[in-house]
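Residue numbers (the numbering used here), protein chains in the order written: chain A, 61 to 395; chain B, 61 to 395.
Just so it is clear, CB atoms sit at the ideal spot from N, CA and C, and this is done for glycine as well.
Treat the numbers as computed from the prediction; the structure is a model and nothing was measured.
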C-alpha cells in the first residue's frame, strides 16, 4: 500500500511527473513547483531494444518514483517529457532523434497520457534544460538565459524575455551547431563541417584524443592517454590537469572551440546568464575559466559585459528538472 | 500655412514621426499605423560636423516631413528613432556608435522630446529594422523573423514569438558577428577575426576586391575591376554577372560567407522568415539564390525547412519604417 500525499502538504501549483529520455539513460522524478524533487530514479535506455521496450521501462520508472513520493497519478498536474529532437512538441511526437536510432514518429505524449491518465507535454531536452535552469536553477530571476549542455553531443536552448524560446521548428534553437572552425571536422549530428559539437562534445574530445594518441605513438612521444580503452573526455581533462602535453593540446582545442562558439552565441542572443551543463562541465573551472576569458575578450563589449557564465545547478537531475519546468509552464494547474 | 490633417483621416492608432540616424544618411518620415509613409525625406549625415549640427539637421528634416504630411507635432503619438549601437534604449542615449565617431553619450530621446514636445523612443537600427519588416514588411503575420541588413556593415535583429527581441545588453543581438572563417580577416566593428561582417559587408566586398585587383595586376591577369576608383560592392556584383573571374571569386567568397553565417543563425534562431535588407541585397537573386542553396544544404533539417529567405520590403525606407515600428510598439496611442 502506498501512502498518498495530501494536497495541503504541497503548494497550490501541484506536482508533476518529469521524464527525461536520453540516448544512454532514462530518468524520472516527482517534482514540486519550487523545483524540489520528492523522488528521483534513473535506468539505462538500452536503445537497441527499441522504443516499445524502452518506453515500457520509462513508464514503470515513472510509477516507481510516484510510489516513492507517495503520490497517485490522479494528484499530478501532469507529465513533462524531455527528449532530443527533432520532435514535434505540439503534437507530442518524437520524429527521428539521432541518439535514439529506430525511434520514428513515436507519439510519446499520447502514450504518457494513456500510462498515467493525466495530460502530458513534450519538449526538446535542450529547451527543457533552459526552462529548468531558469525556473529552478542557475538562471532564477534572470530575464534571459542561454543553456548549453556539453555532453555526448551539444544541445541547449534559451529563455528570452522571460519566455521559453521554441523557434519556428519547435526545437528551440540548436546552439551546438554554430560554426567554430571553417572546413573543420564533419559534425555527426548535422553533417556540416566545423560545428561546435564537432569539437567540444564529450564524443569529439575522446575521438580527437584517440587521434592525438595515435599521432604521438607514431612520433614516439609519451602520453598518459596511451593504452586507455575506452578513452573518455574525463580522462583527457584529468591528464591535462597533470600537464600531459598531448592531453593539454586536445583540451586547449576544446576550450578554444567552446569559447569561440559561446562568443558567437553571446553576440547574437545577448543573454544575461549562460548556463553550462552536461558531463563535460564537471571539470568546473578547468573548462569555465579559459572559456570566460575568451568570451570576455572576443564577444562584443555590451553583450560580453551583460553575460554571466556559470554551471548548471541541476547537475545529474538537470534533465528531470527541465522536464518538470516545461510541465509547470505548459500544463494547467492540477484540479 | 500648413494644412493640418484631421484625426478622422487616419486610423485610431495615430501617426508617428520616424527618424533614422545612419553613418552616411539621415532619414525621416511620417508614418501611419498600417506602415504607409505620408512623407519621407533624407539628407547626408555629415558626421564630421559632430552630433550637434547633425541632430539640428535631423530635427529640421523631421519638421519638414511633418509639414509635407500636414501634421502638427501635437497630433503625433510620438517619435521613433533608430540608430546603430551600442546604445541604451531605455535611457534613450547613444553610447558610442562606431559609425558616428565622436557621438558620445548623446541623449537623443530627450533632445527629440524637446524638439517636438511628444514622447520619443530609441532602438538599435537592426532591432528597429526587424520590427519594421515584421509589422509592415516581408515578415508580416509571421511568428518569428530574423532581419539582417547587409550594408556598410552588417546589422540586424529579430522578432521572436511575436515580440521584438532586445537582449540583455539592449542591442537586440548582433547577427553580423557570428564566425564564418576561423582565424579570418579582423572585423573592424568588434575586433574578432572571421566575423560575417568581415566578409559580406559592402565595405569588406570592396576591400577584398581591391586586394584581388592588386593580386591580379601582380600576376598579369586582366580584370574589369582594375582602375575603378572608388571600387564598390555594386561594381563587384556587376562584373561578376558579366563573368569577370576576379569579381566572380570575390562574389563567391561573399556568398559563401553569408550562407555560412545564415546557416549558424538559422540553426540557433529557427526563424520562420529571414529578411535580408541593405544595399548589397539590391543584387537580388544573384545573392539570394546561392545563399538559399547553402542554407538549405547546411542548416539542420527542421530549421532549414521552416525558414523562408526573402528580401526586405522596406527598401530605402526600411530604416524609417523600422523607427516607426518601434514607436508604434513602445509608445501609448496618441491622445
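At least one C-beta of chain A is nearer than 9 Å to the C-beta of residue 237 of chain B. Counting only Cβ-Cβ distances below 7 Å, residue 221 of chain A has contacts in chain B at 223, in chain order. Residue state for residue 265 of chain A is assigned as helix, using DSSP reduced to three classes. Within the segment 248-324 of chain A, the runs of alpha helix (DSSP H) at least 4 residues long that lie entirely inside it are, in chain order, 257-260, 262-279, 293-301. Your pair residue 391 of chain A and residue 181 of chain A checks out as a contact, with CB atoms roughly 6 Å apart and the cut at 8 Å. Between residue 393 of chain A and the set A:89, A:81, A:93, the nearest pair of CA atoms involves A:93. Think of a sphere of 9 Å around the beta carbon of residue 211 of chain A: no beta carbon from chain B falls inside it, the nearest being about 18 Å out. Contact annotation: residue 217 of chain B and residue 260 of chain B have beta-carbon atoms that are not nearer than 9 Å.
Secondary structure at residue 124 of chain A: helix, using DSSP grouped into helix, strand and coil. Residue range 85-92 is occupied by the beta strand (DSSP E) that includes residue 92 of chain A. Look at the beta carbons and you see the segment 241-261 of chain B touching the segment 233-251 of chain A: at least three pairs across the two are nearer than 8 Å. The shortest CA-to-CA distance from residue 283 of chain A to any of A:304, A:270, A:289 is the one to A:304. For residue 390 of chain A, the uninterrupted alpha helix (DSSP H) segment begins and ends at 378-390. Counting the other CB atoms within 10 Å of its CB gives residue 161 of chain A a total below 16, which places it among the exposed residues. Residue environment analysis places residue 80 of chain A among the buried positions, since at least 16 neighbouring C-beta atoms fall within 10 angstroms of its C-beta.
In terms of CA proximity to residue 159 of chain B, B:84 leads the group B:360, B:311, B:84, B:379. When secondary structure is reduced to three states using DSSP, residue 187 of chain A falls in the helix class. In the three-state scheme derived from DSSP, where H, G and I count as helix and E and B as strand, residue 243 of chain B is classed as coil.
Distance from the CA of residue 384 of chain B to the CA of residue 281 of chain B, rounded to the nearest whole angstrom, comes to 49 Å. When DSSP states are grouped into helix, strand and coil, residue 171 of chain B belongs to the helix group. Annotated as distal: residue 184 of chain A and residue 138 of chain A, with beta-carbon spacing of 9 Å or more. Here the segment 164-183 of chain B makes contact with the segment 101-115 of chain B; the two share three or more CB pairs at distances below 8 Å. With a threshold of 16 other beta carbon atoms within 10 Å, residue 353 of chain A falls short and is exposed. The straight-line gap separating the alpha-carbon atoms of residue 362 of chain B and residue 330 of chain B is approximately 8 Å. In the three-state reduction of the DSSP assignment, residue 341 of chain A falls in the helix class, which pools H, G and I. Approximately 6 Å separates the beta-carbon atoms of residue 380 of chain A and residue 100 of chain A; this is inside 8 Å, confirming the contact. Residue nearest to residue 318 of chain B within the set B:258, B:389, B:233, B:300 is B:258 (criterion: CA-CA distance).
Between residue 136 of chain A and residue 147 of chain A, the alpha-carbon positions lie close to 24 Å from each other. Only residues of its own chain outside the window of five on either side were considered, and among them 333 have a CB closer than 6 Å to the CB of residue 368 of chain A, listed in chain order. In this structure, residue 341 of chain A and residue 299 of chain A do not form a Cβ contact; the two beta carbons are roughly 18 Å apart against a cut-off of 8 Å. Residue 272 of chain A is positioned such that its CB atom lies closer than 9 Å to that of residue 310 of chain A. DSSP assignment within the segment 176-221 of chain B yields the following whole alpha helix (DSSP H) runs of 4 residues or more, N-terminal first: 185-195.
Collapsing the DSSP output to three states places residue 223 of chain A in a strand.
Counting along the chain, the unbroken alpha helix (DSSP H) around residue 362 of chain A starts and ends at 361-366.
Taking CB atoms only, residue 358 of chain A has a neighbour in chain B less than 9 Å away. Taking the Cα of residue 339 of chain B as reference, the smallest distance to any Cα among B:267, B:374, B:103, B:76 is reached at B:374.
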